[in-house]
Amino acid sequence: MLKRLAVLGLFIIALISCNNNTEYKTFLHDPILFSKTVHELNTVVMGNNFPPMVASRNYAYAAIAAYEVMAASNAKQYQSLGGQLNGLPELKLPASTEDTDWKLAALLAYTKVGESVTFPEGSMQVYTDSIIELARKKGLPAKVEKASKELADSVSAAIIRWSKKDNYLETRGAEKYTVTNEPGRWVPTPPMYASAAEPHWMEIRTMV
0 MLKRLAVLGL FIIALISCNN NTEYKTFLHD PILFSKTVHE LNTVVMGNNF
50 PPMVASRNYA YAAIAAYEVM AASNAKQYQS LGGQLNGLPE LKLPASTEDT
100 DWKLAALLAY TKVGESVTFP EGSMQVYTDS IIELARKKGL PAKVEKASKE
150 LADSVSAAII RWSKKDNYLE TRGAEKYTVT NEPGRWVPTP PMYASAAEPH
200 WMEIRTMV
């Protein structure tokens, strides 16, 4: 009788252990988590009062990084944007992605690029760290975390390099808009009489 109880106890412990080992997947693969991550970047963007056109740049690069991770996870279903968007080369992935959790890698790539195109530096680090810590508590294996971070770093680095060549930085020091009486030329209007927003935006590299 005692032997049977001992065997039953070991079975229950093993079952609980298996459940704990996969709980991190339920957490990381929930679409709501990625939605919250997008909201977190939105909070950073709004906190810095980026005008709409700059905000769209921030969101676009971060979203492309996440998409490229998911495209790599299933080449039959998704097509990489490398070679399709202006100046974006085909992305090189780590030699092995066997232990990668693709949803985690996509989330990490999103936050890493999101941080790069906004400020201050590390603006999403606390949020990202909290996600990783919670996933670890839910059974995230060290090898899965490592592989996922390596893939995210590889993809995000490529997207960040690409983003730095879109002429955005150069337009930060461009000549300010000059108000003239020339017909058809924009002039400040009431009630704010605000300055022209991003008058050199046409110099930014287009996506396609």
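Oh and the sequence shown: position 133 is 132 in numbering that gives the first Met the number 0, straight run, nothing missing. Glycine residues also receive a C-beta, built at the ideal position from the N, C-alpha and C atoms.
(request) Put R160 into one of helix, strand or coil per three-state DSSP. (result) As a working note, residue 160 is residue 161 in the sequence shown. Three-state result, R160: helix.
(message) If you measure between the beta carbons of T117 and L168, is that distance less than 9 Å?
(response) By one-based count along the sequence shown, residue 117 stands at place 118. By one-based count along the sequence shown, residue 168 stands at place 169. Going by C-beta atoms, T117 is not nearer than 9 Å to L168.
(request) Out of I203, P119 and K145, state which residue places its alpha-carbon closest to the alpha-carbon of N47. (result) Taking the first residue of the sequence shown as 1, we reach residue 47 at position 48. Among I203, P119 and K145, the Cα nearest to that of N47 is on P119.
(request) In the DSSP assignment, find the unbroken alpha helix (DSSP H) run with K136 in it and report its ends. (result) Within the sequence shown, numbered from 1, the residue matching residue 136 stands at position 137. Residues Q124 to K136.
(request) With I31 as the anchor, note down where its alpha helix (DSSP H) starts and where it stops. (result) Taking the first residue of the sequence shown as position 1, residue 31 is located at position 32. I31 -> alpha helix (DSSP H) spans P30 to G46.
(request) Look up P187 in the DSSP assignment and say whether it is helix, strand or coil. (result) Taking the sequence shown and counting its residues from 1, the one referred to as residue 187 is at position 188. If DSSP states are grouped into helix, strand and coil, P187 belongs with coil.
(request) Determine the DSSP secondary structure at I203, reduced to helix, strand or coil. (result) Position 204 of the sequence shown, counted from the start, is the residue given in the question as residue 203. Coil at I203, not helix or strand.
(request) Report back the beta-carbon spacing between D98 and A146 to the nearest angstrom; my notes put them in contact at under 8 Å. (result) Working through the sequence shown from its first residue, we reach residue 98 at position 99. Working through the sequence shown from its first residue, we reach residue 146 at position 147. The Cβ separation is near 4 Å, so the contact holds.
(request) Whole angstroms is fine: what's the gap from L106's alpha carbon to P190's? (result) The count along the sequence shown starts at 1 and reaches residue 106 at position 107. The count along the sequence shown starts at 1 and reaches residue 190 at position 191. Approximately 42 Å, taken between the alpha carbons.
(message) Can you give me the C-alpha to C-alpha distance between V53 and S34, rounded to a whole angstrom?
(response) Taking the first residue of the sequence shown as position 1, residue 53 is located at position 54. Taking the first residue of the sequence shown as position 1, residue 34 is located at position 35. Computed Cα separation, rounded: 21 Å.
(request) Please report how far the alpha carbon of G86 lies from the alpha carbon of M206, in whole angstroms. (result) On the sequence shown, position 87 is the one that residue 86 refers to. On the sequence shown, position 207 is the one that residue 206 refers to. Each residue's alpha carbon lies about 8 Å from the other.
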